[in-house]
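K.L.:
In the working numbering, the protein residues as written are 2 to 285. The beta carbon of each residue, even a glycine, is placed where N, CA and C say it ideally should be.
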Amino acid sequence: MVVDEKQEHAMSSGAAPEGAAQQDPPVLVSQLSVIGFQSGDVDRLVEYYQEALCLVLTERTDGAAYLTTGPEHHCVAITRGEPKARSFLGLRIAGSLDEAERRLRLAGIQAERQTDPQPGITEALTIADPAGTPLMLFESQTMTGAAPAAGVRPVALGHVASFSADIEQDQRFYVEILGFRWSDSIDDWFTFLRCGADHHSVNFLRQPPHSGMHHVAYKMRDIVHLKDTLDHLAGLGYRLQWGPGRHGPGHNIFSYHQDPDGNTVELFTELDVVIDERTGQFEP
């Protein structure tokens, strides 16, 4: 990993790099909770998530499907439409929607209040990030009876990496408006942000003018869990694009393959976690 002097100081001292928030953000995101996909063949993508990744289908309508790793209602939402990855992101917030709405208004951010926007979510605020991606903010989801990480099923939705037409603008928005914290950078073209203990929840890769999804990542329990899942995928005919290997930023063990719509999916384990937000110290 290559960092400049300011970023190197930030990593060693726990300080955010230049451009990070200097005051409390209007919203404090606590979890990357849901990723949305549009698909021209909802049945095929649902079959992939049920058969290949063994997610549990919690709700199905004529044009949409909702799946979970457990125990929350869903972490994947698939709707019929022109194929599009990261059609929206669902973000759980700390605090109330009322307070978030008030503070967003003061910050000049337009938010739409919605009742029952999706199964399992009773109320939400929807805003847009600089790339125009809808962000659904909510306090909680209803619970399901799905056991977490049963069999080869991933433990949770881990992170979403996206191409960025303006990486500085994207980082400022997620840090200053949504309360994400900076974790790592590779030069000025790849940045890693977190909203919880995990090293990163969203990543941005500079590639103007593009702003779509690079990959979605699901967390595995450990290296044995990852191996078993990769064996399961191989038995179904899925081939790896890259890996297994170990990344630099975050130090996670990774593997990449494609879903039937051509979206890149990472399965990973052993990601660094922050053990002291004050100093920015990570446990490798």
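#1: So for Ile276, helix, strand or coil by DSSP?
#2: Return helix, strand or coil for Ile110, following the three-state DSSP convention.
#3: How many Å lie between Met137 and Asp223 at the Cα?
#4: Can you tell which of Phe89, Val156, Ala129 and Trp243 has its C-alpha closest to the C-alpha of Glu73?
#5: I want to know whether the region 179-194 touches the region 228-237 - three or more CB-CB distances under 8 Å.
#6: With a threshold of 16 other CB atoms inside 10 Å of the CB of His211, please say whether the residue is buried or exposed.
#7: Name the two residues that bound the continuous beta strand (DSSP E) containing Glu124.
#8: Assuming His216 is part of the beta strand (DSSP E), what are its boundary residues?
#9: Taking the C-alpha atoms as reference points, what is the distance between Glu140 and Leu158?
#10: Using the C-alpha atoms, what's the distance from Leu206 back to Ile168?
#11: Decide yes or no for the touch test of the region 250-261 against the region 40-58: beta carbon pairs closer than 8 Å, at least 3 of them.
#12: In three-state terms, what does DSSP make of Ile178?
#13: Expressed to the nearest angstrom, what Euclidean distance is found between the alpha-carbon atoms of Gly180 and Thr69?
#14: With distances taken between CB atoms, is the gap from Thr270 to Ile254 smaller than 7 Å?
#15: Could you pull out every residue in the same chain whose Cβ sits closer than 6 Å to the Cβ of Glu113, ignoring the five residues on either side in sequence?
#16: Going by beta carbon distance, what residues of the same chain come within less than 8 Å of Asn204, once the five residues before and after it are set aside?
#17: Spatial neighbours of Gly41 within its chain, please: C-beta separation below 6 Å, excluding the five flanking residues on both sides.
#18: Excluding five sequence neighbours on each side, which residues of the same chain lie with their C-beta closer than 8 Å to the C-beta of Arg240?
#19: Could I get the ranges of all uninterrupted beta strand (DSSP E) runs contained in the region 155-202, with 3 residues as the minimum, in chain order?
#20: Determine the DSSP secondary structure at Thr143, reduced to helix, strand or coil.
#21: In whole angstroms, what is the alpha-carbon distance linking Arg87 and Asp277?
#22: Is the separation between the beta-carbon of Ala147 and that of Val274 shorter than 7 Å?
#23: Specify the secondary structure class of Gln236 as computed by DSSP and reduced to three states.
#24: For Pro209, does the count of other Cβ atoms within 10 angstroms reach 16, so buried, or fall short, so exposed?
#25: Please name the residue in Ile79, Gly213 and Asp199 whose C-alpha comes closest to that of Gln282.
#26: Just grab the DSSP bridge partners of Gln115 for me.
#27: Do Asp229 and Val176 have their C-beta atoms closer together than 7 Å?
#28: Per DSSP, what kind of secondary structure is Ala86 in: helix, strand or coil?
#29: Would you report the Cα separation of Gly82 and Val217, rounded to the nearest angstrom?
#30: Among the residues of its own chain, which have a CB less than 7 Å from the CB of Tyr50, if the five just before and after it don't count?
P.N.:
The structure says:
#1: Locating residue 276 in the sequence shown gives position 275, counting from the first residue. Three-state DSSP puts Ile276 in a strand.
#2: Here residue 110 corresponds to residue number 109 of the sequence shown, with the count starting at 1. In this structure, Ile110 counts as coil in the three-state DSSP scheme.
#3: Locating residue 137 in the sequence shown gives position 136, counting from the first residue. Locating residue 223 in the sequence shown gives position 222, counting from the first residue. When rounded, the distance between both Cα atoms is 30 Å.
#4: To locate residue 73, count along the sequence shown from 1; it is residue 72. The shortest Cα separation from Glu73 among Phe89, Val156, Ala129 and Trp243 belongs to Val156.
#5: By the Cβ criterion, the region 179-194 is not in contact with the region 228-237, since fewer than three pairs of Cβ atoms, one from each stretch, lie closer than 8 Å.
#6: Working through the sequence shown from its first residue, we reach residue 211 at position 210. Counting Cβ neighbours within 10 Å, His211 comes out exposed, since fewer than 16 surround it.
#7: Stepping through the sequence shown from its first residue, residue 124 is reached at position 123. From DSSP, the beta strand (DSSP E) with Glu124 extends over Ile122 to Ala129.
#8: What you label residue 216 is simply residue 215 of the sequence shown in a count that begins at 1. Where His216 is concerned, the enclosing beta strand (DSSP E) stretches over Met214 to Lys220.
#9: Taking the sequence shown and counting its residues from 1, one reaches residue 140 at position 139. Taking the sequence shown and counting its residues from 1, one reaches residue 158 at position 157. C-alpha separation (whole angstroms): 17 Å.
#10: Taking the sequence shown and counting its residues from 1, one reaches residue 168 at position 167. Taking the sequence shown and counting its residues from 1, one reaches residue 206 at position 205. Between Ile168 and Leu206, the C-alpha separation is close to 7 Å.
#11: Short answer: they touch.
#12: Here residue 178 corresponds to residue number 177 of the sequence shown, with the count starting at 1. Correct three-state label for Ile178: coil.
#13: Here residue 180 corresponds to residue number 179 of the sequence shown, with the count starting at 1. Here residue 69 corresponds to residue number 68 of the sequence shown, with the count starting at 1. When rounded, the distance between both Cα atoms is 25 Å.
#14: Taking the first residue of the sequence shown as position 1, residue 270 is located at position 269. Taking the first residue of the sequence shown as position 1, residue 254 is located at position 253. In this structure, Ile254 lies closer than 7 Å to Thr270 by Cβ.
#15: Against the sequence shown, residue 113 aligns to sequence position 112. Counting only Cβ-Cβ distances below 6 Å, and skipping sequence neighbours, we find Thr127.
#16: As a position in the sequence shown, residue 204 is number 203, starting the count at 1. Non-local beta-carbon contacts of Asn204 in its own chain, meaning distances under 8 Å to residues more than five positions away in sequence, involve His160, Val161, Ala162, Ser163, Phe191, Thr192, Phe193, Leu194 and His215 in chain order.
#17: In the sequence shown, the residue the question calls residue 41 occupies position 40. Taken in chain order, the residues that qualify are Pro84.
#18: As a position in the sequence shown, residue 240 is number 239, starting the count at 1. Cβ within range, chain order: His258.
#19: 157-165, 182-187 and 191-195
#20: Taking the sequence shown and counting its residues from 1, the one referred to as residue 143 is at position 142. Reduced to three states, the DSSP call for Thr143 is coil.
#21: Reading the sequence shown from its first residue, position 86 is the one you call residue 87. Reading the sequence shown from its first residue, position 276 is the one you call residue 277. Put simply, the backbone Cα of Arg87 is about 31 Å away from that of Asp277.
#22: Position 146 of the sequence shown, counting from 1, holds the residue named residue 147. Position 273 of the sequence shown, counting from 1, holds the residue named residue 274. No. Outside cutoff.
#23: The count along the sequence shown starts at 1 and reaches residue 236 at position 235. The question names Gln, but residue 236 in the sequence shown is Gly. In the structure shown, Gly236 falls within a helical segment according to DSSP collapsed to helix, strand and coil.
#24: Mapped onto the sequence shown, residue 209 falls at position 208. Classification of Pro209: exposed, given that the 10 Å Cβ count is below 16.
#25: For the purposes of this step, residue 282 is identified with residue 281 of the sequence shown, where counting begins at 1. The shortest Cα separation from Gln282 among Ile79, Gly213 and Asp199 belongs to Asp199.
#26: In the sequence shown, counting from the first residue as 1, residue 115 sits at position 114. Looking at the DSSP assignment, Gln115 forms a beta bridge with Ala125.
#27: In the sequence shown, the residue the question calls residue 229 occupies position 228. In the sequence shown, the residue the question calls residue 176 occupies position 175. No; because the gap between Cβ atoms is not below 7 Å, this pair is not in contact.
#28: Numbered from its first residue, the sequence shown carries residue 86 at position 85. In this structure, Ala86 counts as strand in the three-state DSSP scheme.
#29: Walking along the sequence shown from the start, residue 82 turns up at place 81. Walking along the sequence shown from the start, residue 217 turns up at place 216. Going by the C-alpha atoms only, they are around 19 Å apart.
#30: By one-based count along the sequence shown, residue 50 stands at place 49. So the qualifying residues of the chain are Leu56, Leu68 and Val77.
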